[in-house]
Amino acid sequence: MPLSCVDASVGARIVAVLGLVTSGVVVAQLGAELARGAGDGGVAVLLGLSLDELDSRQRHTLHSDKHDHDHDQLLQALADPGDRPPHPFDTYVRDILVAFLVYAVLYLFSSGLLAYSSLVALRWGALPWLLLQAMSVASQVARLVVQVAQRAHEAEHQLHAGYAHPMAPHPIHPGHEALDEHIREHVREHEVRREHSAVIGIVVTTAYLAVSAYMWLVVLVAHRDWSSSSKLRRGGRGGARGVGDEGYSLSMTNIPAITKETLGAVEEPSEA
Numbered sequence: 001m002p003l004s005c006v007d008a009s010v011g012a013r014i015v016a017v018l019g020l021v022t023s024g025v026v027v028a029q030l031g032a033e034l035a036r037g038a039g040d041g042g043v044a045v046l047l048g049l050s051l052d053e054l055d056s057r058q059r060h061t062l063h064s065d066k067h068d069h070d071h072d073q074l075l076q077a078l079a080d081p082g083d084r085p086p087h088p089f090d091t092y093v094r095d096i097l098v099a100f101l102v103y104a105v106l107y108l109f110s111s112g113l114l115a116y117s118s119l120v121a122l123r124w125g126a127l128p129w130l131l132l133q134a135m136s137v138a139s140q141v142a143r144l145v146v147q148v149a150q151r152a153h154e155a156e157h158q159l160h161a162g163y164a165h166p167m168a169p170h171p172i173h174p175g176h177e178a179l180d181e182h183i184r185e186h187v188r189e190h191e192v193r194r195e196h197s198a199v200i201g202i203v204v205t206t207a208y209l210a211v212s213a214y215m216w217l218v219v220l221v222a223h224r225d226w227s228s229s230s231k232l233r234r235g236g237r238g239g240a241r242g243v244g245d246e247g248y249s250l251s252m253t254n255i256p257a258i259t260k261e262t263l264g265a266v267e268e269p270s271e272a
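Printed below as a string of structure tokens:
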């Protein structure tokens with residue numbers, strides 16, 4: 001059963017163009033973040049890569065800040081991440097972003113090779129892209145498993161602890177109780193937003209995983225078609241040579257018989 005309503009080569013060409021555009025954007029953004037020494041590498045998610053599951057220190061920064069009794073630090077931690085300036089990343093995060101950048105460059109070149117292969121039916125031209133896309137799909141599967149596990153852990157924690165924040169009223173300054181209640185309300189709102197974001201993230205990751213797997217299958221079908229057509233072309237050229245050689249051999253073999261028949265036909269009138 002066909003995977004799409006278009007030809008496999010056309011589908012592979014569309015996938016290659018999408019890969020060129022996406023990897024180009026990722027290369028440009030990651031290069032800019034590495035140049036200025038700050039960023040989160042979030043653009044790499046376009047290629048199925050994510051830093052959130054690799055850097056546990058950044059992932060748990062917000063959780064540690066929420067348990068700080070200093071009100072200013074707590075409010076800063078609960079602020080919208082888009083309002084905070086990008087913080088410089090450490091050596092570990094920089095190395096991960098460099099690896100992402102190398103992957104994006106390889107994906108860019110493999111997409112270009114795939115586009116060229118879709119035009120000339122190059123049978124091995126899809127192999128680099130298939131390998132890199134398989135790595136991306138594996139990374140997305142791991143990311144989905146981590147997201148589901150985190151969501152289950154958070155749901156279990158909320159079931160036992162609820163939204164109660166472990167911040168007691170100030171023992172010396174009772175007037176701070178109103179501020180503490182205001183902070184608790186911020187914590188509740190943040191937990192609700194984080195829960196919704198986690199669910200949306202799981203849905204988006206699942207959808208992107210399905211699309212990535214579908215594109216991999218489309219290119220795989222195109223690769224098989226190109227391999228089959230290449231074998232047929234080689235077989236056709238070999239068959240043509242075989243037929244020509246066979247005809248030449250038969251003609252050379254029949255020369256004595258033809259000569260004998262001709263001589264016999266010439267001798268019969270003379271005897272008569």
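According to the UniProt record's numbering, the sequence shown holds residues 1 to 272 in order.
For glycine and all other residues, C-beta sits at the position ideal for the given N, C-alpha and C.
Here the structure is a predicted model, which is why all the values come from computation and not from measurement.
The segment 93–101 makes contact with the segment 38–47: 3 or more CB pairs, one atom from each, lie closer than 8 Å. Annotation for Val-26: Val-43, Ala-44, Leu-46, Leu-47, Ala-104 place their beta carbon closer than 7 Å to its own, counting only its chain and skipping 5 residues before and after.
With 16 or more other CB atoms across the displayed protein chains lying within 10 angstroms of its CB, Gly-19 is buried. With respect to the 7 Å criterion, Arg-143 and Ser-50 are classified as neighbours on the basis of their beta carbons. Per the C-alpha coordinates, the member of Val-203, Ala-207, Met-215 positioned closest to Arg-151 is Val-203.
Put simply, the backbone Cα of Gly-125 is about 31 Å away from that of Glu-33. In the three-state DSSP reduction, Ala-149 falls in the helix class (H, G or I).
Burial check for Ala-115: the Cβ neighbour count within 10 Å reaches 16 or more, so the residue is buried.
According to the DSSP assignment, Gly-31 belongs to the alpha helix (DSSP H) that extends over 8–36. Straight through space, the alpha carbons of Ala-28 and Asp-225 are spaced by roughly 34 Å. Annotated as proximal: Val-221 and Ala-8, with beta-carbon spacing under 7 Å. Nearest Cα to Ser-228 within the set Leu-122, Gly-112, Val-10: Leu-122.
With a cutoff of 7 Å on beta-carbon distance, Ala-12 and Ser-136 are scored as not near each other. Going by DSSP, Asp-95 is part of the alpha helix (DSSP H) stretching over 91–120. Only residues of its own chain outside the window of five on either side were considered, and among them Trp-216, Val-219, Leu-220, His-223 have a CB closer than 8 Å to the CB of Leu-130, listed in chain order. As the crow flies, the alpha-carbon of Arg-194 is around 10 Å from that of Ile-200. For Leu-209, the closest C-alpha among the options Asp-90, Ala-138, Ser-230 is that of Ala-138. Counting every other CB atom within 10 Å of its CB across the protein chains shown gives Thr-91 a total below 16, marking it as exposed. Rounded to the nearest whole angstrom, the C-alpha separation of Leu-132 and Ser-23 is 12 Å. Collapsing the DSSP output to three states places Trp-129 in a helix. Taking C-beta separations shorter than 6 Å and ignoring five residues to either side along the sequence, the partners of Leu-101 in its chain run Leu-30, following chain order. If you check the CB distance, Ser-111 and Pro-128 do not come in under 7 Å. For Asp-225, the secondary structure class from DSSP, reduced to helix, strand or coil, is helix. In this structure, DSSP gives Ser-50 a state outside helix and strand, which the three-state scheme calls coil.
DSSP, reduced to helix, strand and coil, places Trp-216 within a helical segment of the structure shown. The alpha carbon of Val-10 has as its nearest neighbour, out of Arg-36, Val-120, Ala-35, the alpha carbon of Val-120.
Contact between Gln-147 and Ala-207 does not hold, since their C-beta atoms are separated by about 13 Å, which reaches or exceeds 8 Å.
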